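Chains as they are written, first to last, in UniProt numbering: chain A, 1 to 75; chain B, 1 to 177.
A virtual CB, placed ideally from N, CA and C, is assigned to each residue, including glycine.
Every value quoted in this text rests on a predicted model; they were computed, and no experiment measured them.
Okay, so here's the structure we're looking at.
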Amino acid sequence: MAEYELDCLGEACPLPLVKAEKKLKEMEVGDVVIVLIDHSCAMKNVPEWARKEGHNVEIEEVDDGEWECVIEKCK
Amino acid sequence: MALKDNKFYKMWFKDAWPYLTGAVLLSLFQIVTLASTGNPWGVSGVLANWGAWLYQLVGGNVDKWYYFASEGAQKTLDAGILKHPGTYRNVGIIFGAFFASLMASQFKIKKLKSTKQIFAAILGGLLMGYGARIGFGCNIGALFSGIASFSVSGWVYAIFLFLGAWAGSKLLVKYFM
Numbered sequence: 001m002a003e004y005e006l007d008c009l010g011e012a013c014p015l016p017l018v019k020a021e022k023k024l025k026e027m028e029v030g031d032v033v034i035v036l037i038d039h040s041c042a043m044k045n046v047p048e049w050a051r052k053e054g055h056n057v058e059i060e061e062v063d064d065g066e067w068e069c070v071i072e073k074c075k
Numbered sequence: 001m002a003l004k005d006n007k008f009y010k011m012w013f014k015d016a017w018p019y020l021t022g023a024v025l026l027s028l029f030q031i032v033t034l035a036s037t038g039n040p041w042g043v044s045g046v047l048a049n050w051g052a053w054l055y056q057l058v059g060g061n062v063d064k065w066y067y068f069a070s071e072g073a074q075k076t077l078d079a080g081i082l083k084h085p086g087t088y089r090n091v092g093i094i095f096g097a098f099f100a101s102l103m104a105s106q107f108k109i110k111k112l113k114s115t116k117q118i119f120a121a122i123l124g125g126l127l128m129g130y131g132a133r134i135g136f137g138c139n140i141g142a143l144f145s146g147i148a149s150f151s152v153s154g155w156v157y158a159i160f161l162f163l164g165a166w167a168g169s170k171l172l173v174k175y176f177m
């Protein structure tokens, strides 16, 4: 039940996605990673990819042009 | 009810429009551009003209350069930046993107994460600019308008676009992860 944070602020597609992918590979089932994003393209493709992989995803806009994507590893 | 919860605000300003909508609108505006100006839509050629006008402003002369030596190019440069329809289209792109991000409350001036980003952006921009002039267009003039004009070079561009994106993503992972 560990919780991690991935700071992808200031990074453009596809870096947040690749970093999230890499991080989730290292995580245990049940762990949570919070990805900080400020690129609207990543705001769409990170949750999309995570849902497709079967993980629980929530994305919240925390400031103008900034999002937090919470991903819980499920398998 | 707060504006940000309004259904139509979300639909038109907050959420990104579907790709199909974007494709249809791009095609329609391309047709309007071709019909009204006699030329297909292009972006990077206008930027080259902007560069020439800037250079002339500081005393430079581009008349002897091969690219600007033709009669048509000379006429365009002599007419000035405000007489060129491409100027308004390119400025419109900038202001349109700005307007869209403001309306979605997503405008942000991003911090630079590292100096590597600066060098990568400059190098990438130089390669893009050089390539766009060598190829007489970027993804708009060479690919989009090129294919719409039944130009084989548009398809060649498409092939190398995918090869370039593949190579670029490898470089991204290698240098920025």
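Determine, using beta carbons only, whether residue i comes closer than 8 Å to chain B.
i                : result
Gly30 of chain A : no
Gly10 of chain A : yes
Val33 of chain A : no
Val46 of chain A : no
Lys57 of chain A : In the sequence under discussion, the amino acid at residue 57 of chain A is Val, which differs from the Lys named in the question. Val57 of chain A does not count as touching chain B.
To the nearest angstrom, report how far apart residue i and residue j are at their CA atoms.
i                 : j                 : result
Phe162 of chain B : Ala2 of chain B   : 43 Å
Ser40 of chain A  : Ala2 of chain A   : 27 Å
Gln30 of chain B  : Gly22 of chain B  : 12 Å
Asp31 of chain A  : Glu68 of chain A  : 16 Å
Gly38 of chain B  : Ala158 of chain B : 25 Å
Ser101 of chain B : Lys7 of chain B   : 18 Å
Ala35 of chain B  : Leu28 of chain B  : 11 Å
Met177 of chain B : Phe144 of chain B : 32 Å
Lys44 of chain A  : Trp50 of chain B  : 34 Å
Trp17 of chain B  : Lys10 of chain B  : 10 Å
Leu77 of chain B  : Ile122 of chain B : 27 Å
Trp155 of chain B : Val29 of chain A  : 45 Å
Please check if any C-beta of chain A sits within less than 8 Å of the C-beta of residue i.
i                 : result
Phe176 of chain B : yes
Ala16 of chain B  : yes
Leu26 of chain B  : no
Ser169 of chain B : yes
Helix, strand or coil: how does DSSP classify residue i here?
i                : result
Val35 of chain A : strand
Cys41 of chain A : helix
Leu6 of chain A  : strand
Asn56 of chain A : strand
Trp67 of chain A : strand
Just the chain A side, please: which residues come within less than 8 Å of residue i by C-beta, in chain order?
i                 : result
Phe107 of chain B : Asp64 and Gly65
Lys113 of chain B : Leu9, Gly10 and Glu11
Which bits of chain B does residue i rub up against, with CB to CB less than 9 Å?
i                : result
Leu15 of chain A : Leu172, Val173, Phe176 and Met177
Quick one: list the residues of chain A neighbouring residue i, beta-carbon separation under 7 Å, in chain order.
i                 : result
Lys110 of chain B : Gly10 and Asp38
Name, please, each residue of chain B whose Cβ falls closer than 8 Å to the Cβ of residue i.
i                : result
Lys19 of chain A : Met177
Q: Let me know the beta strand (DSSP E) ranges lying completely inside the segment 77-127 of chain B, each 3 residues or longer, listed in chain order.
A: none
Q: Kindly provide the ranges of any alpha helix (DSSP H) runs that are 4 or more residues long and lie completely inside the UniProt domain "UPF0033" (6-30) of chain A, ordered along the chain.
A: Taken in chain order, the complete alpha helix (DSSP H) segments of 4 or more residues contained in the UniProt domain "UPF0033" (6-30) of chain A are 15-26.
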